[in-house]
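Last residue of the sequence shown: number 1991 in the numbering used here, and the count goes up by one each step with no gaps. Here a beta-carbon is modelled for each residue, glycine too, at the ideal position from N, C-alpha and C. A short write-up of the structure that comes next.
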Amino acid sequence: MFNRPKYSLGHEEIYVCGLYYTLPNSYRTELERFYLPQVSLQAHSTILSTTSRTILTQAFVNPSDTKGIKEVRYTFPLYDGVSVVGFTCHIGDRTIVGEVKEKEKAKQVFQEAVAKGETAGLLEQLPEASDVFTTTVGNIPPGANVIVKITYLGELKHDMEVDGIRFTIPNIICPRYGKYPLGLTSNTTADAVGTGIEITVDAEMADGSFIQQIQSPSHPISVSMGTTSFAPNAEPKMNKASATLSLGTAQLDTDFILQIISKDSGIPKAILETHPTIPNQRALMATLVPKFSLPAEKPEVVFVCDRSGSMSGSRINLVIQALKVFLKSLPVGVKFNICSFGSSHSFLWPKSVTYSQQTLDQAVRHVELFQANFGGTEMYQPIKATLDQRYKDIPLEVMLLTDGEIWDQQRLFSYLNQEVAETKVPIRVFTLGIGNGVSHSLIEGIARAGNGFSQTVGEGEKMDSKVVRMLKGALSPHVDDYTLEVKYSDNNSKNTSRTQDDDFEIVERVADSLTVKIALDEKKEEEKPKKPISLFDATADPDKDFPPPYDESGEARYSHLPNIMAPKIIQAPQNIPALFAFNRTSVYLLLGPEAPQQTPQSVILKGTSQYGPLELEIPIQILDMPGETIHQLAAKKAIFELEQGRGWLPEAKDESSKPLKEKFESRFSDMVEREAVRLGVRFQVGGKYCSFVAIERNRANRTDKELEEAGYEVLDDPASVPQASAPVKATQNMFSSLGASSESNGVSAETSAFGSSNNTQGGFGSAPVAASASASPFSFGSAFGAAPAPAPTASSSPFGNPRAKPFSAGAPAPAPTPTKPKTPDEILEILIALQTFEGFWEWSVTLFSALSINPSSTEQKMKDWSLGLEKRAFATALAIAYFETKLVALQGSWELVVDKARGWLEDNGHGGDLIEKARGLL
């Protein structure tokens, strides 16, 4: 089971993982969370050379056979930087497939589908933590089995300890320190309890290589060398292997780590892929583990050590062990210091001192006394202080040791981008993630912004070699001007008279693509006589609404921005990071339709150092079959850079060499978001600005009446509790009476939050997935059958028997009548507060109290008029009518609010007739 991560905010403990829905309590003063049992969780990964594709299957059940559930949500972690490329929901016998849309548009599509009674799914990334995702599924019928499948691609790290590939599946979200993202605090969750996770990993190395060993420092595994799970009886090959958990499943309390050691895995490779559907679109991946040696420098080295409360136990012992290796390995001639941080920070010395026997002994004695007694995790100030007090005449190398559990990551990334990347000062930041619950997005993000690299070490894992190689990287000379060139062969030329000696090559520098053209709509159009516009036109209507055009993709919100032509070649990362021995570096190129159409022959990596020029030419292997894997990895890398304030757009200049971020200062952040959305939608990759939404496309809208006729009632999350202010109470009185007190229905903290659902048909995992017929390097067989979950008992499960109508006990206590507002100003304030971001009003008791209308009689009128529409549409019409008839004197305050609401109604196919009907009820 999950290890119940929690965080105290005020007097309330916040749980971060779980599957839940919310309902108002008996008095409708706060929302209570109700948890569904997760039946199974499975991961099937395929590793091809240095990349991976994983299908994560989450299965759960609605334990009631009488009532459907309007919406449930599950929050879970993924490895930092993965490309989510597929989202599929199986609800009962139906399957819905997701597509990527702009984030707010995806939410709107999802909410509209749920309101119509359609089953829908939404997959989104939390903006504050790029390794935390949420799945939301709407309209779950009674007793329905629900399977959510998420497909994601990953770029594998090089593990310095074993000189091999490191593959990770993070299984927990540890308690991050800081203010929680709104998406979690507004609907906080508890832990999912199931039988654990089933993991299968198939590995295949390139031809000519062979797998020497597969091991896991985190879990016991069973390994099959020579074959994969797709074809266990095939002829064995030395470049294939498969691994599964020895016990079948693992409890979700630690990251799953797999190390693959193979011959020649670090040899430089460049692979070109053609997109199957976008004409003339290609993508290239160049990857290598560098092997070169330059004389070491004598920099200033500062060890910034996390001693917060979350580092207690084995984690602080790992820090002590790592620091001793670091300190003993420092060369003579460096300056060094140690900074401890938590809620506050302190340095061993006011300024870094010269490395000597005396200072080494003093530092070791200091480290041996380390305890995790510094409170919370405030990381920004100690790093800032370290950079502020550095010596200005020598390079600074920061070694950050942390378990990486904070939420406010972007502030730290932005600071390091400014101090390191933009100012070009000789500073590098390396991160060593400590423990099994480290936030990979944090330690990877800090290392990227700090021009260093990151490594992780789990409890019980060896790390001496890893620490020494990190220090070697910190002592290596600074080289920050790496560039990439693409060499094309002219094999498309029609001039057959050219001899081989006359044959020529095209070499294109990727950096040359950063001078972009601004579309003509930013320039003056051809001069045409224009009719003067009168400043007083009696026929003009200043209050006339211009409804926004229908926006299918959600990208129309960027129509006011200057139209910038994307470069013909997009490189990710835009600035190639420093190359370090034993640390894998991958660079991607998106070769657009405007790029040269000749066949790429090789890529040339160049750099300069004080000891001479650096250069490597890597021949390009062209894949025979079109595919999307490299395109999606490249797009994700480019999107991720944009999200962190880097990428091609901040470096781009117009034709007069003026940076775009200066030319369009006020609109530049929106331009960055637009470019991230463009890449996400074009290559179907989810991220901070794009979400997957899956909708039942070919089913008629189902009204509440139709749902009742279908034989079940839907448990909704009524808007009668104001969403902006209502607290969400953590509760475990799952499917007991809503009218009973929490004392009579509560479950003690020692009791399981879930219990299990009796699923005699093998749970959700029994639904097979057809094997792909594609010749893509990634293809998949069935998605594993899940073992039936044990039947719940009355003593262990708050559900009791999930087939015993658990929702039918008791009647809810009557909700207190909300206090009616007395003055027009009070009514105005309430109505504006109740309007959603999109512009509509939910059907709620609070709204009808403000309007002084009876909701029951209003609903009866709608039935009399045969208005087959969702309630929120008529609630919105009522609010508009009230503004325009009862609050005319305050029009200056509500005018734009009503414009927005009218636009929402028109976008959803409702005209002025609906508002006139609503006006008749006031």
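Check the DSSP bridge columns for residue i and list the partner residues they point to.
i, result
"Q1194", "F1202"
"R1163", "I1160"
"V1750", "In DSSP, V1750 forms no bridge with anything."
"I1234", "H1227, I1329"
"M1468", "F1372, F1499"
"L1353", "L1341, L1658"
"V1178", "According to DSSP, which records beta bridges pairwise, V1178 is partnered with nothing at all."
"N1214", "V1130"
"K1367", "Answer is none; K1367 lacks a bridge partner."
Confirm, please, whether the CB-CB distance from residue j to residue i is below 8 Å.
i, j, result
"T1120", "P1359", "no"
"L1470", "A1391", "yes"
"T1269", "R1122", "no"
"G1504", "G1444", "no"
"A1919", "L1947", "no"
"E1099", "L1092", "no"
"I1234", "I1699", "no"
"L1658", "V1555", "yes"
"V1422", "I1389", "no"
"A1310", "A1272", "yes"
"C1408", "P1364", "no"
"T1204", "G1223", "no"
"R1538", "F1405", "no"
"K1535", "Q1524", "yes"
"T1455", "V1373", "yes"
"H1547", "P1642", "no"
Go through its chain and collect everything with a Cβ distance to residue i's Cβ below 7 Å, but skip five positions before and after it.
i, result
"E1594", "Because E1594 sits at a pLDDT of 44, beneath the cut-off of 50, its placement in the model cannot be relied upon, and the following sentence gives the value as read from the coordinates. Around E1594: no qualifying Cβ."
"V1166", "T1157, A1763"
"S1315", "P1289, I1290, S1291"
"D1533", "V1394"
"E1744", "L1711, L1718"
"Q1281", "I1330, S1331, K1332"
"G1961", "none"
Along the alpha helix (DSSP H) that carries residue i, what are the first and last residues, could you check?
i, result
"P1893", "1893-1903"
"Y1992", "Past the boundaries of the shown model lies residue 1992; the chain is included only from 1070 to 1991, so the question cannot be answered."
"Q1478", "1478-1485"
"H1435", "1426-1437"
"G1961", "1960-1976"
"K1599", "That residue, K1599, is in no alpha helix (DSSP H); it is neither H nor E in DSSP."
"A1950", "1940-1955"
"Q1701", "1698-1712"
Looking at the secondary structure, which residues open and close the beta strand (DSSP E) in which residue i lies?
i, result
"A1647", "Segment: none, A1647 is in no beta strand (DSSP E) and carries neither H nor E."
"I1407", "1404-1410"
"D1276", "Per DSSP, D1276 belongs to no beta strand (DSSP E) and is neither H nor E."
"V1690", "In the sequence as displayed, the identity of residue 1690 is Gln instead of Val. Note, Q1690: beta strand (DSSP E), 1681-1691."
"I1124", "1120-1130"
"V1762", "1759-1764"
"G1137", "1136-1146"
"G1676", "1668-1678"
"L1553", "1552-1558"
"S1415", "1414-1416"
"K1309", "1309-1314"
"T1525", "1523-1526"
Keeping to the same chain, check which residues put their C-beta closer than 6 Å to that of residue i; ignore five residues upstream and five downstream.
i, result
"E1591", "Because the pLDDT of E1591 is 43, which lies under 50, any placement of that residue in the model is unreliable, and the number read from its coordinates should be weighed accordingly. Within the same chain, E1591 has close Cβ partners P1631."
"F1952", "W1963, V1967"
"P1846", "Because the pLDDT at P1846 is just 37, under 50, the model does not fix this residue reliably, and the value given afterwards should be weighed accordingly. For P1846, where only same-chain residues beyond five positions count, the Cβ hits under 6 Å are L1117."
"D1228", "R1235, Q1328"
"A1987", "A1946, L1947, A1950"
"L1983", "A1946"
"F1752", "H1700, Q1701, A1704"
"G1207", "E1140, V1183, A1189"
"S1298", "T1269, D1271, S1311"
Which residues in the same chain as residue i place their Cβ atom closer than 8 Å to its Cβ, once the five residues preceding and following it in sequence are excluded?
i, result
"S2016", "The chain is shown only over 1070 to 1991; residue 2016 falls outside these bounds and no answer can be derived."
"L1225", "I1116, T1119, T1120, S1121, I1234, R1235, F1236, R1653"
Practice task
Would you be able to state if there are at least three C-beta pairs under 8 Å between the stretch 1132-1149 and the stretch 1342-1362?
Solution key: By the Cβ rule, the stretch 1342-1362 does not count as touching the stretch 1132-1149, because fewer than three pairs are nearer than 8 Å.
Exercise for the section: For the stretch 1673-1686 and the stretch 1704-1713, state whether three or more C-beta atom pairs, one from each stretch, are separated by less than 8 Å. Expected result: No, because fewer than three Cβ pairs between the stretch 1673-1686 and the stretch 1704-1713 fall closer than 8 Å, the two stretches do not touch.
Exercise for the section: Inspect the CB distances between the stretch 1165-1180 and the stretch 1750-1760 and report whether three or more fall short of 8 Å. Expected result: Contact between the stretch 1165-1180 and the stretch 1750-1760 is present, because at least three Cβ pairs lie under 8 Å.
Problem - Touching by the beta-carbon criterion (3+ pairs, under 8 Å), the stretch 1484-1501 and the stretch 1534-1548 - result: Taking one beta carbon from each stretch, the stretch 1484-1501 and the stretch 1534-1548 have 3 or more pairs nearer than 8 Å; the two touch.
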